[in-house]
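Under full-length UniProt numbering, the sequence shown has 228 at position 228, and the numbering climbs by one with no breaks. To start, the structure itself, in structure tokens.
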Amino acid sequence: MHARLAVGLDAGGTSSRAVLIDESGAVLGTGASGPANPVGGDREIALSNMALAFQRALGGIDPAEVGSVCVGTAGALSLTEEVRELSADLKRRFATACEVEVVSDAVIAFAAGSSAADGTVIVSGTGAVAFAIRDRTPALRSDGYGWLFGDAGSGFWLGREAVRAALRHIDGNGPGGRLVEAIIAAIAPDKRRSGALVAKCMADPPVRLSRFAALVCEAADGGDAVAESIVARAVGHLAESVSYVVDRELPIVMAGSLLTRPTPIAALLQERFRLVYPKAGISKATDPAIGAAWMAASAFVTDPAERARLHRQLAWR
């Protein structure tokens, strides 16, 4: 008898990734494609990119052989009534015999770091949001309101604060240093005027400011006082978001590029969580597509011990 197959798909705003596994935890294939946000972008493009990632993960395997599919997407919380329609559309495009489960990207991020059904996930990448997860479903929410209204502690927020620091320095209202000089050099090296920096940044989409997050982290690691102050405030914002939704004894998963990579924000936030929530296990998410694949496989791996073993195998691969 052939091992049952499951596919997990992380449909993101910048790219999509699918993972094919069997019930033993072996990864049999992966596939990537372009952006796939059915709410914030073109729905047809989103569906096509999800289908392409799915097909690439399968390689030459017949889609009818797949026993379970889970798709995580940033737009799932906004879709509500449309989730069933999206699920049906994806089933047709994937050409599977099984149903396609559509969940929030926060859910697969949590699953990528914990096999528990309940806990907290804090995400900081381009944006930032915290969720209480209950029975693998988002419950309480804190932030995640986008660049205009929130996302405090995110990559966008870091970039904006770095540019603000550079503007203040140019106008004589703040200190300089490694970070400030790096920002000026990256934006308008030949025009050290605040107006020039503002004009250059305003010409790009606001979220493009997130590209400066790496400069903030590098400067903070190098001891730059301005960068260290921005990092400390970012950690404070993220910790505050978690405080509104956390259960102090349930797992906390840190997700998103700023919290899963070796950044000063990840290190400081993890240290704070261990001090404030000593009974909560603190972990970092692995690949969200792996989390989605594990959730898909959970449809037929129902024994709790075996499900936990499968999670450990996928998380440590």
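Backbone N, C-alpha and C fix where the C-beta goes; we use that ideal spot for every residue, glycine too.
Worksheet item: So is Y244 buried or exposed if we call it buried at 16+ other beta carbons inside 10 Å?
Response: Answer is exposed; the Cβ neighbour count stays below 16.
Discussion item. Taking 9 Å as the threshold (C-beta atoms), are S298 and R312 in contact?
Written reply: Contact flag unset, no.
Item to complete: Return the chain-ordered list of same chain residues with a C-beta closer than 8 Å to the C-beta of V163, the five sequence neighbours on each side being excluded.
Response: Same-chain partners within the cutoff: I183, I187, L197, C201, L209, F212.
Discussion item. Between which residues of its own chain and L269 is the CB-CB distance below 8 Å, once the five residues before and five after are set aside?
Written reply: Contacts found: I122, V235, L238, A239, M254, L259.
Discussion item. Residues in the same chain with beta-carbon distance under 8 Å from D221, minus the five sequence neighbours each way, listed in chain order, please.
Written reply: Taken in chain order, the residues that qualify are P264.
Fill in: Boundaries (first-last residue) of the beta strand (DSSP E) holding I21
Looking at the DSSP string, the run of the beta strand (DSSP E) that includes I21 is 16-22.
Worksheet item: Should E23 and V71 be called a contact, given that it needs their Cβ atoms to be closer than 9 Å?
Response: At least 9 Å separates the beta-carbon of E23 from that of V71.
Practice prompt. Alpha carbon to alpha carbon, how far is V180 from G174? Give it in angstroms, no decimals.
Written response: When rounded, the distance between both Cα atoms is 10 Å.
Worksheet item: Within 10 angstroms of its Cβ, does P205 collect 16 or more other Cβ (buried), or is it exposed?
Response: Classified as exposed, P205 has fewer than 16 neighbouring CB atoms from the shown chains inside 10 Å of its CB.
Worksheet entry | Option in S16, M50, V231, L140 with minimal Cα separation from G153 | When each option's Cα is compared against that of G153, the closest is V231.
Practice prompt. Would you identify the three-state DSSP class for S283, choosing helix, strand or coil?
Written response: In this structure, S283 counts as strand in the three-state DSSP scheme.
Fill in: For S16 and L9, believed in contact at Cβ under 8 Å, the rounded distance
Indeed, because the Cβ distance is near 7 Å, the residues count as touching under 8 Å.
Fill in: alpha helix (DSSP H) segment containing R56, residue limits
For R56, the uninterrupted alpha helix (DSSP H) segment begins and ends at 43-58.
Discussion item. Quick test of the definition: if touching needs 3 or more C-beta pairs under 8 Å, does the segment 120-135 touch the segment 92-107?
Written reply: Counting C-beta pairs closer than 8 Å gives three or more between the segment 120-135 and the segment 92-107, which meets the contact rule.
Practice prompt. Figure out for me which residue from G256, A95, A26 has the closest Cα to the Cα of residue 318.
Written response: A question about residue 318 goes unanswered here, because the residues of the chain that appear run from 1 up to 317.
Worksheet item: With 16 other CB atoms within 10 Å as the buried threshold, where does G60 fall?
Response: G60 comes out exposed.
Discussion item. For S283, which residues in the same chain have their Cβ closer than 8 Å to its Cβ, ignoring the five residues on either side in sequence?
Written reply: So the qualifying residues of the chain are G113, S114, P251, I252, V253, M254.
Worksheet item: Hey, quick one: how far does the beta strand (DSSP E) through L9 stretch, first residue to last?
Response: Boundaries of the beta strand (DSSP E) harbouring L9: 5-11, taken from the DSSP string.
Fill in: Continuous alpha helix (DSSP H) assignments of at least 4 residues falling wholly in the segment 98-155
Those alpha helix (DSSP H) runs which fall completely within the segment 98-155 and span 4+ residues are 105-111.
Worksheet item: Should R160 be labelled buried (16 or more other beta-carbon atoms within 10 Å of its own) or exposed?
Response: Buried, by the Cβ-count rule.
Worksheet entry | Coil, strand or helix - I170 by DSSP | I170 falls in the helix class under three-state DSSP.
Worksheet item: Whose C-alpha, out of A88, D135, R92, A97, is nearest the C-alpha of A111?
Response: For the set A88, D135, R92, A97, the Cα lying nearest the Cα of A111 is the one of D135.
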